[in-house]
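Numbering (this note's numbering), first residue to last: 148 to 431.
C-beta: ideal position from N, C-alpha, C; glycine also.
For reference, the structure is listed below as structure tokens.
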């Protein structure tokens, strides 16, 4: 789903994804494998009367659907907390307060409270998610690696990731129109007559960063402007790192009369500060 801060349906979708009961049942496995419920039960319990080929098909179907039999389902033993967790390494960005408040209001409509966890320590994040502190999680995928996601999936914990294009259908995913916004911002700067538009990167491999960069490149190509690798500034989504990188860039290259930085959306405040000495106009 595309993320739009003004679209309340986005927050409804995120919360509904976590609170709605969409647990896979033995009936679902039987229907998908085209066998009876009794046959599925026997196959999962290791009863020998089920033909090996049929048993193999049932087990593969159950695994594909991420089905956990009742006697194995740890989630059935957990005490429901009626709490959702929002996980992030920082809430300093301009849209975080609106994001958290909107999710909290939507969760409250369903009888859930929202706990905000601010930590860059993966162990803290996993302990709260897997330790039964929340019934579902909303967060950013770069906090966790593939093995962590698999652990969350095995525990049948519902999760929605923001600004990350998660391919695994077990999880929900909400993304920004990062390509379009990166392209539009670059096109705007080019329309003002700037030909040297620098780009401050985020983290390579992160959806938002990659899509913004692609949009930037697309705008240059459409305008028949050659890509200049020297105009790429590595910011890594870290304000201190990006601030230093931009200052060094401006000191190294005499672009003060033409340079307008294209920054990730949560960096404009320090962008203004670090370009003041060049009297640059930084559109927000």
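Cα-Cα separation between residue i and residue j, rounded to whole angstroms
i           : j           : result
residue 300 : residue 330 : 35 angstroms
residue 335 : residue 320 : 29 angstroms
residue 163 : residue 293 : 24 angstroms
residue 249 : residue 159 : 9 angstroms
residue 297 : residue 388 : 32 angstroms
residue 342 : residue 362 : 16 angstroms
residue 227 : residue 303 : 13 angstroms
residue 374 : residue 338 : 17 angstroms
residue 366 : residue 252 : 38 angstroms
residue 247 : residue 315 : 24 angstroms
residue 201 : residue 178 : 13 angstroms
residue 229 : residue 309 : 21 angstroms
residue 171 : residue 212 : 7 angstroms
residue 397 : residue 379 : 12 angstroms
residue 333 : residue 279 : 45 angstroms
Residue span of the alpha helix (DSSP H) that contains residue i, given as start and end
i           : result
residue 178 : 173-180
residue 362 : 354-369
residue 394 : 386-399
residue 329 : 325-338
residue 372 : It is not in any alpha helix (DSSP H) - residue 372 carries neither H nor E in the DSSP assignment.
residue 188 : 184-191
residue 295 : 293-301
residue 204 : 199-211
Limits of the unbroken beta strand (DSSP E) element including residue i
i           : result
residue 305 : 305-309
residue 320 : 319-321
residue 346 : 346-348
residue 286 : 283-286
residue 381 : 379-381
Anticipated Cβ contact below 8 angstroms, residue i with residue j, distance rounded
i           : j           : result
residue 382 : residue 347 : 4 angstroms
residue 187 : residue 173 : 5 angstroms
residue 305 : residue 291 : Going by Cβ atoms, the distance from residue 305 to residue 291 rounds to 15 angstroms, so no, they are not a contact pair.
residue 359 : residue 399 : Rounded, the Cβ-Cβ distance is 23 angstroms, inconsistent with contact.
Residue i at chain C interface by Cβ criterion, 8 angstroms
i           : result
residue 300 : Structure shown: chain C not included; a single protein chain is present.
Would you mind listing the alpha helix (DSSP H) stretches within the segment 225-272 that are 4+ residues and don't spill past its ends, in chain order? List check, alpha helix (DSSP H) in window: 243-256.
Would the segment 231-238 and the segment 260-267 be scored as touching if the rule is three or more Cβ pairs under 8 angstroms? Touching, yes, given that three or more Cβ pairs across the two stretches are closer than 8 angstroms.
With contact counted as at least three CB pairs below 8 angstroms, one residue from each stretch, are the segment 250-259 and the segment 192-212 in contact? Two segments are said to touch when three or more pairs of C-beta atoms, one from each, lie closer than 8 angstroms; by this definition the segment 250-259 does not touch the segment 192-212.
Stretch pair the segment 272-287 + the segment 174-192: three plus CB contacts closer than 8 angstroms: Cβ pair count under 8 angstroms is below three, so no.
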